[in-house]
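Undergrad: Following this message is one structure expressed as structure tokens.
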Amino acid sequence: MIKIGVTGALGKMGSEVIKTVIENSETKGEMTLVMAVDKFETGKNVYGDVVIESDLKKALEATKPDVVVDFTQPSVVFENAKIYLNAKVKPVIGTTGLSIEQIRELEELSKKNNTGCFIAPNFTTGAVLMMMFSKMAAKYFDNAEIIEFHHNRKKDAPSGTAIKTAQMMAEANPDFTRGNVPETELIQGARGGNFNENGKGNIHIHAVRMPGFVASQEVIFGSAGQTLKIRHDSIDRECYMGGVQLAIKHVYDNNDFIYGLENIL
């Protein structure tokens, strides 16, 4: 049975992960909850004898989880990830906001400690398929832009899903602004952020933050006389849990570094 810890346990995603682990424990017996960490409500009972801990290092030492699922904040996730890997605890990270440089540093740390690490901007199978389809379409269109929609409590922009999508598209096509005329923004940011990594991409990404959304993304491709739209909508956070469980099982069985759920589908 896989011993699971959850960091950001009281958040919307953390709470859903705890619910999923408990259901798995009671029905399939594959996982068991041993640790819950959050900066609020220390000592609150979560399940059985598992209570909220506020000190991550002490909680890891006391409970010794096999895998920790992290849905915290962009401001703390990088330091959290280094703590997991240095303690040789395998993290599954769904918190977005990590820079490309930070992801590379965590990959090196994972290899150094021979400890698996799984980072995914999105754990929904539908969103991952959207990214894969976008990479396929990228070969056939010279112009593309991304619009992502999230609730107004999301702190980072653009989303990790949008960045990952742009990276995958740029692998297939180095420039998505062919034929565009020189532009002047009358309001700064009107054309969104321009994704350009190692000279490849030139993909405008627009981030919408508004009550009523969970997470949605639309990739728009254009060429002479046609447009193609690839869109995914997350209606409920439950849709992420299948991917989270796949990631937990993979990282438990392997010591590799994975960035993106598409790598194990």
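If you use the numbering used here, the sequence shown corresponds to residues 3 to 267, in order.
Even glycine gets a Cβ: it sits at the ideal position worked out from N, Cα and C.
Computed from a predicted structure; not experimentally measured.
1) Checking the sheet assignment: what are the DSSP bridge partners for residue 178?
2) Please tell me whether, using a cut-off of 6 Å, the distance from the CB of residue 190 to the nearest non-hydrogen atom of the ligand ZN is below it.
3) Would you say the region 195–215 touches the region 160–169, given that touching needs at least three Cβ pairs under 8 Å?
4) Counting only the same chain and skipping the five closest in sequence on each side, list residues whose C-beta sits under 6 Å from that of residue 33.
5) Using CA coordinates, which residue listed in 166, 215, 228, 80 is at the minimum distance from residue 144?
6) State yes or no: is the C-beta of residue 71 within less than 7 Å of the C-beta of residue 130?
7) According to DSSP, is residue 80 part of a helix, a strand, or is it coil?
8) Have a look at 74, 120, 52, 76 and flag the residue whose alpha-carbon is nearest the alpha-carbon of residue 66.
9) Indicate the three-state DSSP secondary structure (helix, strand or coil) for residue 126 in the structure shown.
10) Apply the 10 Å Cβ neighbour rule to residue 142 and answer buried if 16 or more other Cβ atoms are within range, or exposed otherwise.
11) DSSP three-state call for residue 72: helix, strand or coil?
12) Taking the straight line between their C-alpha atoms, what separation do you get for residue 79 and residue 247?
13) If I follow the unbroken beta strand (DSSP E) through residue 235, where does it start and stop?
14) Out of 77, 35, 75, which one is the CA nearest neighbour of residue 61?
15) Is residue 213 buried or exposed, if buried means 16 or more other CB atoms sit within 10 Å of its CB?
16) Take every Cβ of the region 197–206, pair it with every Cβ of the region 227–245, and state whether three or more of those distances are shorter than 8 Å.
17) Among residues of its own chain, excluding the 5 on either side of residue 250, which ones have a beta-carbon nearer than 6 Å to its beta-carbon?
TA: Working from what's here:
1) Locating residue 178 in the sequence shown gives position 176, counting from the first residue. Answer is none; residue 178 lacks a bridge partner.
2) Among the components of this structure there are no ligands whatsoever, and the ligand ZN is therefore not found.
3) yes
4) Counted from its first residue, the sequence shown places residue 33 at position 31. Excluding positions up to five away in sequence, the list reads 4, 6, 23, 26, 27.
5) For the purposes of this step, residue 144 is taken as the residue at position 142 of the sequence shown. Nearest C-alpha to residue 144: 228.
6) Working through the sequence shown from its first residue, we reach residue 71 at position 69. Working through the sequence shown from its first residue, we reach residue 130 at position 128. Taking 7 Å as the Cβ cut-off, residue 71 and residue 130 do not qualify as a contacting pair.
7) By one-based count along the sequence shown, residue 80 stands at place 78. Note: residue 80 maps to helix in three-state DSSP.
8) Locating residue 66 in the sequence shown gives position 64, counting from the first residue. Ranked by how close their Cα comes to the Cα of residue 66, the residues 74, 120, 52, 76 have 52 in first place.
9) On the sequence shown, residue 126 is found 124 positions in, with the first residue counted as 1. Reduced to three states, the DSSP call for residue 126 is coil.
10) To locate residue 142, count along the sequence shown from 1; it is residue 140. With fewer than 16 other Cβ atoms within 10 Å, it is exposed.
11) Within the sequence shown, residue 72 is the residue found at index 70, counting from 1. Strand at residue 72.
12) Reading the sequence shown from its first residue, position 77 is the one you call residue 79. Reading the sequence shown from its first residue, position 245 is the one you call residue 247. Those two C-alpha atoms are separated by around 20 Å.
13) The residue you call residue 235 lines up with position 233 of the sequence shown. 228–236 is the extent of the beta strand (DSSP E) around residue 235.
14) Taking the first residue of the sequence shown as 1, we reach residue 61 at position 59. When only C-alpha atoms are compared, the closest one is 35.
15) The residue labelled residue 213 in the question sits at position 211 within the sequence shown. By the 10 Å Cβ count, residue 213 comes out exposed.
16) no
17) On the sequence shown, residue 250 is found 248 positions in, with the first residue counted as 1. Contacts found: 69, 94.
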